[in-house]
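If you read the sequences in order, they're chains A and B. Per numbering that gives the first Met the number 0, the first sequence starts with residue 0, numbered consecutively. Per numbering that gives the first Met the number 0, the second sequence starts with residue 0, numbered consecutively.
There are 2 protein chains.
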Amino acid sequence: MPSKSQPITMDAVYTAPGYLFRRMQQIAVSIFVEECSAFDLTPVQYASLVAIHTHPGIDATRLSAVIAFDRSTLGNVIERLESKALIERKPSREDKRVKLLYLSKSGAAVLRDIMPSVERAQLRMLQPLKPADRKTLLTLLTQLVDLNNEASRVPLRAEDALEHLGKQGEGALGTGVS
Amino acid sequence: MPSKSQPITMDAVYTAPGYLFRRMQQIAVSIFVEECSAFDLTPVQYASLVAIHTHPGIDATRLSAVIAFDRSTLGNVIERLESKALIERKPSREDKRVKLLYLSKSGAAVLRDIMPSVERAQLRMLQPLKPADRKTLLTLLTQLVDLNNEASRVPLRAEDALEHLGKQGEGALGTGVS
DNA sequence: TCGATATTGTAAGTATACTGTCAATCTACC
DNA sequence: GGTAGATTGACAGTATACTTACAATATCGA
Numbered sequence: 000m001p002s003k004s005q006p007i008t009m010d011a012v013y014t015a016p017g018y019l020f021r022r023m024q025q026i027a028v029s030i031f032v033e034e035c036s037a038f039d040l041t042p043v044q045y046a047s048l049v050a051i052h053t054h055p056g057i058d059a060t061r062l063s064a065v066i067a068f069d070r071s072t073l074g075n076v077i078e079r080l081e082s083k084a085l086i087e088r089k090p091s092r093e094d095k096r097v098k099l100l101y102l103s104k105s106g107a108a109v110l111r112d113i114m115p116s117v118e119r120a121q122l123r124m125l126q127p128l129k130p131a132d133r134k135t136l137l138t139l140l141t142q143l144v145d146l147n148n149e150a151s152r153v154p155l156r157a158e159d160a161l162e163h164l165g166k167q168g169e170g171a172l173g174t175g176v177s
Numbered sequence: 000m001p002s003k004s005q006p007i008t009m010d011a012v013y014t015a016p017g018y019l020f021r022r023m024q025q026i027a028v029s030i031f032v033e034e035c036s037a038f039d040l041t042p043v044q045y046a047s048l049v050a051i052h053t054h055p056g057i058d059a060t061r062l063s064a065v066i067a068f069d070r071s072t073l074g075n076v077i078e079r080l081e082s083k084a085l086i087e088r089k090p091s092r093e094d095k096r097v098k099l100l101y102l103s104k105s106g107a108a109v110l111r112d113i114m115p116s117v118e119r120a121q122l123r124m125l126q127p128l129k130p131a132d133r134k135t136l137l138t139l140l141t142q143l144v145d146l147n148n149e150a151s152r153v154p155l156r157a158e159d160a161l162e163h164l165g166k167q168g169e170g171a172l173g174t175g176v177s
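#1: Can you grab the Cα-Cα spacing for the pair A107/A / E78/A, in whole Å?
#2: Could you check the C-alpha separation between G168/B and P130/A for me, to the nearest Å?
#3: In angstroms with no decimal places, state the Cα-to-Cα distance between D94/A and I26/B.
#4: Taking C-alpha atoms, which residue in D10/A, I7/A and A15/A lies nearest to R123/B?
#5: Output needed in chain order: residues of the region 80-107 of chain A with a Cβ under 9 Å from some Cβ in chain B.
#6: To the nearest angstrom, report how far apart G56/A and I66/A are at their CA atoms.
#7: Report the neighbours of Q121/A on chain B: residues whose CB is nearer than 7 Å to its CB, in chain order.
#8: One question on the structure: do F38/B and I113/B come within less than 8 Å of each other, judged by their Cβ atoms?
#9: Of all the options M9/B, E118/B, T53/B and I7/B, which has the alpha carbon lying nearest to the alpha carbon of I7/A?
#10: M9/B to S47/A, Cα distance in whole Å?
#11: Check each candidate in A157/A, L139/A and G74/A and name the one with the smallest Cα separation from F20/B.
#12: Does DSSP put I7/B in a helix, in a strand, or in coil?
#13: Checking contacts by CB at 8 Å: is R156/A closer than that to chain B?
#14: Cβ-heavy atom distance between L125/A and the ligand HEM below 7 Å?
#15: By alpha-carbon positions, which one of T135/A, Q121/A and R88/A ends up nearest to Y13/B?
#16: Counting only beta-carbon atoms, is L164/A nearer than 8 Å to chain B?
#17: Can you list, in chain order, the residues of its chain with a C-beta nearer than 6 Å to that of V43/B? Leave out the 5 residues immediately preceding and following it.
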């Protein structure tokens with residue numbers, strides 16, 4: 000039967016999945032930034048570096064599909080990474096609209112060096128749970144994100160978003176797509 | 000044994016809990032905004048309305064503790080709610096620094112009317128999972144958020160943050176703390 | 001009571017995150 | 001081959017989210 004307008008309490012907030020997701024995200028960012036403070040990289044900037052490392056010569060639009068971040072937002076992120084000299088932007092010869100993204104030497108170095116801190120952060124987020132529960136949570140969360148993919152404004156389009164890149168082969172991409 | 004600098008792939012991103020939390024939060028907001036589009040309320044604005052409804056005469060600082068949102072951020076949120084005439088701000092007589100928050104008539108009406116849409120949104124977020132899995136995920140997430148409370152920049156200080164309010168008894172708070 | 005300390009709201013600055021729009025450019029169809 | 005429609009990066013605008021700083025005010029200790 001339909002819930003007949005029960006009184007509104009804080010439980011309406013505290014038990015709502017949306018609220019829990021928000022809280023958890025805030026906690027996760029907080030832990031990430033703390034662990035990685037020595038590198039002055041945000042989670043989004045880190046993810047961008049990984050994606051550019053994995054797909055050298057990717058453009059901003061495809062990058063946004065690969066990490067499921069908004070294209071507009073990514074513009075600023077790229078700007079900051081460039082101003083920190085962690086990446087380089089080169090105009091494409093085939094398409095004058097496109098700017099290709101590459102890791103700089105220092106970008107590659109930062110990415111290599113930050114990995115242990117990132118792993119430590121990821122561990123800390125789940126630390127309070129029992130190991131078995133961590134695994135369960137991750138499994139369910141992965142499923143849920145995947146099944147809800149289309150519901151998000153920027154659905155993840157992992158490797159298949161990069162088909163165009165393979166063609167012209169801007170150098171030695173080791174198309175690491177299994 | 001320590002992982003000997005394995006090659007960096009996109010899996011370093013896709014399987015990281017932090018990334019999954021971010022994705023899920025984006026999806027959750029997207030669904031919330033879609034379901035509640037008729038009311039032009041964001042998740043944060045909704046949570047603020049609930050908290051002000053539950054604790055009439057609360058001030059901004061305590062509100063931030065009750066919903067675990069940043070105090071600075073909340074300033075803007077309150078401003079927007081006020082400019083939409085959903086809440087009212089009255090200076091406290093006991094403390095000239097403080098501004099007390101109350102729902103306006105139209106704020107109370109909006110809160111009442113939006114509840115079904117909010118519930119629909121919360122259901123949709125978990126919809127793709129089997130009912131048993133939904134419960135498991137919520138349980139684990141609740142635990143994790145609670146146990147990580149102090150790790151976040153703005154730890155939740157639910158009802159106990161409101162002790163001061165009870166004293167002067169700014170009206171009929173039904174201290175619904177079990 | 002007076003001075004150090006703390007709290008409150010506010011503001012400025014940075015960084016996501018999303019909505020639009022726009023000009024330049026590319027593609028495809030006719 | 002020339003134009004309609006799509007794509008690309010950029011920009012403007014709104015809304016969290018956090019940091020630091022600040023003035024006004026409160027409070028507490030000596």
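Ideal Cβ positions, reconstructed from N, Cα and C, are used throughout, including at glycine.
So, to answer that:
#1: By 1-based counting over the first sequence, the position of residue 107/A is 108. By 1-based counting over the first sequence, the position of residue 78/A is 79. If you take the alpha carbons of A107/A and E78/A, they lie about 17 Å apart.
#2: Indexing the second sequence from 1 puts residue 168/B at position 169. Indexing the first sequence from 1 puts residue 130/A at position 131. Low confidence applies to G168/B: its pLDDT is 34, below 50, so where it sits in the model is not reliable, and the reading given next is rough at best. Answer to the nearest angstrom: the Cα atoms are 46 Å apart.
#3: For the purposes of this step, residue 94/A is taken as residue 95 along the first sequence, with counting starting at 1. For the purposes of this step, residue 26/B is taken as residue 27 along the second sequence, with counting starting at 1. Computed Cα separation, rounded: 33 Å.
#4: The residue labelled residue 123/B in the question sits at position 124 within the second sequence. With distances taken between Cα atoms, R123/B lies closest to A15/A.
#5: none
#6: For the purposes of this step, residue 56/A is taken as the residue at position 57 of the first sequence. For the purposes of this step, residue 66/A is taken as the residue at position 67 of the first sequence. Looking at the two C-alpha atoms, the distance is approximately 15 Å.
#7: Position 122 of the first sequence, counting from 1, holds the residue named residue 121/A. Per Cβ cutoff of 7 Å: A15, P16 and G17.
#8: Taking the first residue of the second sequence as 1, we reach residue 38/B at position 39. Taking the first residue of the second sequence as 1, we reach residue 113/B at position 114. For F38/B and I113/B, yes; Cβs fall inside 8 Å.
#9: Here residue 7/A is taken as the residue at index 8 of the first sequence, counted from 1. Ranking M9/B, E118/B, T53/B and I7/B by Cα distance to I7/A puts T53/B first.
#10: By one-based count along the second sequence, residue 9/B stands at place 10. By one-based count along the first sequence, residue 47/A stands at place 48. Spanning the two alpha carbons is a distance of roughly 10 Å.
#11: Locating residue 20/B in the second sequence gives position 21, where the first residue counts as 1. Residue L139/A is the option with its Cα nearest to F20/B.
#12: Translated into the one-based positions of the second sequence, residue 7/B becomes position 8. The answer is coil: DSSP assigns I7/B none of H, G, I, E or B.
#13: Along the first sequence, read from residue 1 onward, the residue named residue 156/A stands at position 157. Chain B contact via Cβ: absent.
#14: Summarising the ligand content, the structure contains no ligands, and the ligand HEM is consequently not present.
#15: Here residue 13/B refers to the residue found at position 14 of the second sequence. When each option's Cα is compared against that of Y13/B, the closest is Q121/A.
#16: As a working note, residue 164/A is residue 165 in the first sequence. Reliability fails at L164/A, whose pLDDT of 42 lies under 50, so the model's placement of it is uncertain and no value is given.
#17: The residue given as residue 43/B occupies position 44 in the second sequence. Excluding positions up to five away in sequence, the list reads V76.
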